[in-house]
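First residue of the sequence shown: 1, per the working numbering; consecutive thereafter. C-beta: ideal position from N, C-alpha, C; glycine also. Following: one structure in structure tokens, then a few remarks.
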Amino acid sequence: MLSYELIVKPSDTAKRMMLRRVPSSEKKRIETARWGAVLLLQGQVAELVAAVDDGVKRASVEAVEILGNCPQHIQTVALIGGVSECRASLDGLKEGGRLK
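Structure representation (structure tokens):
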């Protein structure tokens, strides 16, 4: 099961922290995304790929990996968009049984 955090209206500090951990090939795309909210998902790779696929199909959000210290075991992905879009993704992932 994935763990998650929903950040509504992320602060500039939180946004900078996340952008430092985004792959350089994705940085420009994510910097221009609408940052009304961020849904952070953390778990194993297979679960995350399926959750991202489901989340972006349910709402107009941008998905990006957040690079961490332990890439072999646990990954983090951010779904970035408007508040209602991130909540729609979150609700859909809960309904689909991917989140508690």
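Item, Value
"Under DSSP, the beta strand (DSSP E) around residue 3 begins and ends at which residues?", "3-8"
"Please work out which residues of its chain come closer than 8 Å, Cβ to Cβ, to residue 4, disregarding the five sequence neighbours upstream and downstream, and give them in chain order.", "39, 40, 41, 42, 90, 93 and 99"
"Between which two residues does the beta strand (DSSP E) holding residue 96 run?", "Per DSSP, residue 96 belongs to no beta strand (DSSP E) and is neither H nor E."
"Are the stretch 44-52 and the stretch 7-20 touching by the rule of at least three beta carbon pairs closer than 8 Å?", "no"
"Which value, in whole angstroms, describes the spacing of the CA atoms of residue 33 and residue 88?", "17 Å"
"I'd like to know whether the C-beta atoms of residue 79 and residue 96 end up nearer to each other than 8 Å.", "no"
"In three-state DSSP terms, what is residue 78?", "strand"
"One question on the structure: do residue 64 and residue 8 come within less than 8 Å of each other, judged by their Cβ atoms?", "no"
"Do you know whose CA, among 77, 68, 59 and 26, lies nearest residue 83's CA?", "59"
"In this structure, how does DSSP classify residue 55 when only helix, strand and coil are distinguished?", "helix"
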